[in-house]
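Asks: Please find one structure pasted underneath; my questions will follow.
Number of protein chains: 2
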Amino acid sequence: MKELFFTDLVRDDLGRVEDLLREHYPGQHEAIGVAVDHLVGGGGKRLRPALVLLSAYLCGAEMAQAAFAAAAVEMLHTATLIHDDLIDGALVRRGMETLNVQWSPSVTVLTGDYVFAYAAYLAARANSVQLMRRFSETLMVICNGEIQQMFNGRHDPPDRQEYEQRIYAKTASLLAMSAESGPILGGAEESTTMALRTYGEQLGMAFQIVDDVLDYSATDAGWGKQVGKDFLEGKATLPLIIAFHCASAKDKLLIKKFFKKPERTGEDYTRLMKIIKRANALETAGQRAVENVETAKKHLKAFPDSPAKKALLDLADYVVSRTV
Amino acid sequence: MKELFFTDLVRDDLGRVEDLLREHYPGQHEAIGVAVDHLVGGGGKRLRPALVLLSAYLCGAEMAQAAFAAAAVEMLHTATLIHDDLIDGALVRRGMETLNVQWSPSVTVLTGDYVFAYAAYLAARANSVQLMRRFSETLMVICNGEIQQMFNGRHDPPDRQEYEQRIYAKTASLLAMSAESGPILGGAEESTTMALRTYGEQLGMAFQIVDDVLDYSATDAGWGKQVGKDFLEGKATLPLIIAFHCASAKDKLLIKKFFKKPERTGEDYTRLMKIIKRANALETAGQRAVENVETAKKHLKAFPDSPAKKALLDLADYVVSRTV
Chain A
1 MKELFFTDLV
11 RDDLGRVEDL
21 LREHYPGQHE
31 AIGVAVDHLV
41 GGGGKRLRPA
51 LVLLSAYLCG
61 AEMAQAAFAA
71 AAVEMLHTAT
81 LIHDDLIDGA
91 LVRRGMETLN
101 VQWSPSVTVL
111 TGDYVFAYAA
121 YLAARANSVQ
131 LMRRFSETLM
141 VICNGEIQQM
151 FNGRHDPPDR
161 QEYEQRIYAK
171 TASLLAMSAE
181 SGPILGGAEE
191 STTMALRTYG
201 EQLGMAFQIV
211 DDVLDYSATD
221 AGWGKQVGKD
231 FLEGKATLPL
241 IIAFHCASAK
251 DKLLIKKFFK
261 KPERTGEDYT
271 RLMKIIKRAN
281 ALETAGQRAV
291 ENVETAKKHL
301 KAFPDSPAKK
311 ALLDLADYVV
321 SRTV
Chain B
1001 MKELFFTDLV
1011 RDDLGRVEDL
1021 LREHYPGQHE
1031 AIGVAVDHLV
1041 GGGGKRLRPA
1051 LVLLSAYLCG
1061 AEMAQAAFAA
1071 AAVEMLHTAT
1081 LIHDDLIDGA
1091 LVRRGMETLN
1101 VQWSPSVTVL
1111 TGDYVFAYAA
1121 YLAARANSVQ
1131 LMRRFSETLM
1141 VICNGEIQQM
1151 FNGRHDPPDR
1161 QEYEQRIYAK
1171 TASLLAMSAE
1181 SGPILGGAEE
1191 STTMALRTYG
1201 EQLGMAFQIV
1211 DDVLDYSATD
1221 AGWGKQVGKD
1231 FLEGKATLPL
1241 IIAFHCASAK
1251 DKLLIKKFFK
1261 KPERTGEDYT
1271 RLMKIIKRAN
1281 ALETAGQRAV
1291 ENVETAKKHL
1301 KAFPDSPAKK
1311 ALLDLADYVV
1321 SRTV
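Chains A and B, in that order, are what the protein sequence lines are.
The first sequence: position 296 = 296 (the working numbering), numbered continuously.
The second sequence: position 124 = 1124 (the working numbering), numbered continuously.
Have a look at this one:
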């Protein structure tokens, strides 16, 4: 992976966040500590904490408070992964066994709940009611999106609007909340908060689209996840949706057939990839991500130049430059 | 059930809480609304909201804020029940089918998460960072207690200390938090907050002990739950713990044998009841609950007489007067 130069400005603050993520609440069962350390120690890009800290810098927020907010969003993200992995039956996350492989479903449910509570506790320590409110609303949006998806079923490629709603709930909502943490804690005006919120939201949309493109285009070795996983699991993401809408009637039928099957094979994937290539769907999807990033950057225009603004602009470029 | 006269003082405020519990967050999936209405409409005693509202009255808190806190604790309680029922495989709660009977485990996990988030959202609307902090800490205590219990296993009768830790986490912690909501929102001194917190905690201990006694002594028809359920499920509660410690060596062995079995029968229950009766264990446990309630009431001594104080004293007496 590229070096994440945009985090230079907040390197010390990110260190403080790491400490917070590794603090154990008094009286907490040993197993929870092991689980949280395992998950949090697994790394990940810390994109969300960096976003909180940079937006805090930009808006002159108290950095000690911002560190709590940054730790809270990362912990919230971790909690959602615990329950998601249980629901999906995922075996590996961040290159390590998931909790549900090691523990019973019951302990996994409760550990996820505990980590939600711990995230809320960290958020409360940031000392802002408005932040707490946004924090809980964001978790509602995330859960609501997943429930929506479950009731919709997975057997038809969704349309673009449905896809966008889904990735907003899944990814962009938390990045939006991360980016608006700074102005909230800095007591910025509503228009500033909205600008950074939109920046985060558009960044999040781009981030998820790139992830979904990489699922088709990355090589197994560099990516750390199984290529083609979304398709094999019956998830229709943007490349497939674009390909579907451009496809011939015959290919449309074929794609529909893939999604009606209880399982999709490697051979199905190879056939789908031909349709995707014919439609130039990976490039079109990537272009969509670039548009989102451009919109994100536009929302920083009103801020005077500063190292924090530069870092946020670089962060936006990084999101669409991710390769394996 | 007796009429809950101690709620007279806060009848209107409880009405406001009911309204809040039935509000639907914009954009929320229809199924969540149905689930929340089903659970919240199921009634229950609204003991926790009453506690929040009465402590708010006692401490001169803004009642509109207190209504949010009251709705938040009831919603938090509801959320814990959703995941508990899933984990226990419970089929009936408050006389109605549980969510996990109607839905897949995945949707049930996510709906529980959503309701946690909604509870946090309601708590945030009470507009107090201190309350949010206590709210999230309480959820941590509840989850931690359940995880502890799972790792401890259920095959040996625990000692009294372990039992008390368990019921503190399970029940008393949330009642403590409910009772301290009033002083927190009213900006009371730390000593006042602590007094009401201890009142709530002792009340909660008594409440759970009475519940555990009723599990042995109630008749099926009036109780609404299956009598002897705790024992049949391998949960050792206070009556059994007391009986175990007073029992002859032979009876001790018998009780241990019961807990080593994968399942306990009605015949086992009949034999256990003889040991419990011989030890006078239901009365001793009931006496313990009365002691908790007396301690609870002592912590209200410093408050001048008022209708709110009277109601809180009555509420304490009600907890140990519960019969079927």
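Ideal placement from N, C-alpha and C gives every residue a C-beta, glycine not left out.
What are the boundary residues of the alpha helix (DSSP H) that Q325 (chain A) is part of?
Replies: Nothing can be reported for residue 325 (chain A), as the shown portion of chain A is limited to 1 through 324.
Asks: Strictly below 8 Å CB to CB, what residues from chain A border R1133 (chain B)?
Replies: Going along chain A in sequence order, the residues near R1133 (chain B) (Cβ under 8 Å) are Y121, A124 and R125.
Asks: Check whether the Cβ atoms of L21 (chain A) and M75 (chain A) sit closer than 8 Å, and answer yes or no.
Replies: Taking 8 Å as the Cβ cut-off, L21 (chain A) and M75 (chain A) qualify as a contacting pair.
Asks: Which whole-angstrom value describes the C-beta separation of A172 (chain A) and M205 (chain A), a residue pair presumed to lie in contact below a C-beta threshold of 8 Å?
Replies: 5 Å between Cβ atoms; contact.
Asks: Please decide whether A1117 (chain B) counts as near chain A, where near means a Cβ-Cβ distance under 8 Å.
Replies: A1117 (chain B) counts as touching chain A.
Asks: Once DSSP output is grouped into helix, strand and coil, what is the label at G1182 (chain B)?
Replies: Reduced to three states, the DSSP call for G1182 (chain B) is helix.
Asks: Since A236 (chain A) and L58 (chain A) are thought to touch, with beta carbons under 8 Å apart, how far apart are those beta carbons, to the nearest angstrom?
Replies: That belief does not hold up - the Cβ atoms of A236 (chain A) and L58 (chain A) are roughly 37 Å apart, past 8 Å.
Asks: Please confirm whether D1113 (chain B) has its beta-carbon closer than 8 Å to some beta-carbon of chain A.
Replies: Judged by the 8 Å Cβ criterion, D1113 (chain B) is in contact with chain A.
Asks: In the stretch 1017-1031 of chain B, which residues sit with their C-beta less than 9 Å from some C-beta in chain A, listed in chain order?
Replies: Within the stretch 1017-1031 of chain B, the residues whose Cβ lies closer than 9 Å to some Cβ of chain A are Y1025, G1027, Q1028, H1029, E1030 and A1031, listed in chain order.
Asks: Determine the chain D residues that contact F1151 (chain B) at a beta-carbon separation under 9 Å, and present them in chain order.
Replies: Absent from the structure is chain D; the protein chains it does hold are A and B.
Asks: So which residues of chain A does H1083 (chain B) contact, with C-beta pairs closer than 8 Å?
Replies: Residues of chain A passing the Cβ test: V109, L110 and D113.
Asks: Grouping DSSP H, G and I as helix and E and B as strand, with all else coil, what is C1143 (chain B)?
Replies: Three-state DSSP puts C1143 (chain B) in a helix.
Asks: In the structure shown, what three-state DSSP assignment does G1015 (chain B) receive?
Replies: Note: G1015 (chain B) maps to helix in three-state DSSP.
Asks: How many angstroms separate the CA atom of A1035 (chain B) from the CA atom of Y1114 (chain B)?
Replies: Between A1035 (chain B) and Y1114 (chain B), the C-alpha separation is close to 11 Å.
Asks: If you measure from the beta carbon of I147 (chain A) to each beta carbon in chain B, is any gap under 8 Å?
Replies: So, interface residue.
Asks: According to DSSP, simplified to helix, strand and coil, what is G1266 (chain B)?
Replies: Correct three-state label for G1266 (chain B): helix.
Asks: Do you know offhand how far D1019 (chain B)'s Cα is from A1289 (chain B)'s?
Replies: Cα to Cα, D1019 (chain B) sits roughly 33 Å from A1289 (chain B).
Asks: Under 7 Å Cβ to Cβ from T1080 (chain B), same chain only, skipping five residues before and after it: list those, please.
Replies: Excluding positions up to five away in sequence, the list reads I1142.
Asks: Excluding the 5 residues flanking G33 (chain A) on each side, which residues of the same chain have their C-beta closer than 6 Å to its C-beta?
Replies: If we look at G33 (chain A) and ignore the five residues flanking it on each side, its Cβ neighbours are H24.
Asks: From this set, A:Y199, A:T193, A:L272 and A:D230, which residue's C-alpha is nearest D211 (chain A)'s C-alpha?
Replies: Among A:Y199, A:T193, A:L272 and A:D230, the Cα nearest to that of D211 (chain A) belongs to A:D230.
Asks: Which word fits G186 (chain A), buried or exposed, when buried means at least 16 other C-beta atoms lie within 10 angstroms of its C-beta?
Replies: Answer is buried; the Cβ neighbour count reaches 16.
Asks: Terminal residues of the continuous alpha helix (DSSP H) containing K250 (chain A)?
Replies: A249 to K260 is the span of the alpha helix (DSSP H), which, as asked, contains K250 (chain A).
Asks: Below 9 Å between beta carbons is the criterion; list the residues of the stretch 1060-1078 of chain B that meet it against any residue of chain A, in chain order.
Replies: Result list empty, no residue passes.
Asks: Could you tell me which of A:T198, A:L51 and A:H29 sits nearest to F6 (chain A), measuring between CA atoms?
Replies: Considering only alpha carbons, the answer is A:L51.
Asks: Can you say whether N292 (chain A) is buried or exposed, counting buried as having 16 or more other CB atoms within 10 angstroms of its CB?
Replies: Buried, because 16 or more other Cβ atoms sit within 10 Å of the Cβ of N292 (chain A).
Asks: Exposed or buried, which one is R1046 (chain B) when buried takes at least 16 other CB atoms within 10 Å?
Replies: Buried: at least 16 other Cβ atoms inside 10 Å.
Asks: Hey, out of B:D1215, B:E1137 and B:Y1121, whose CA is closest to Q28 (chain A)'s CA?
Replies: Answer by Cα proximity: B:E1137.
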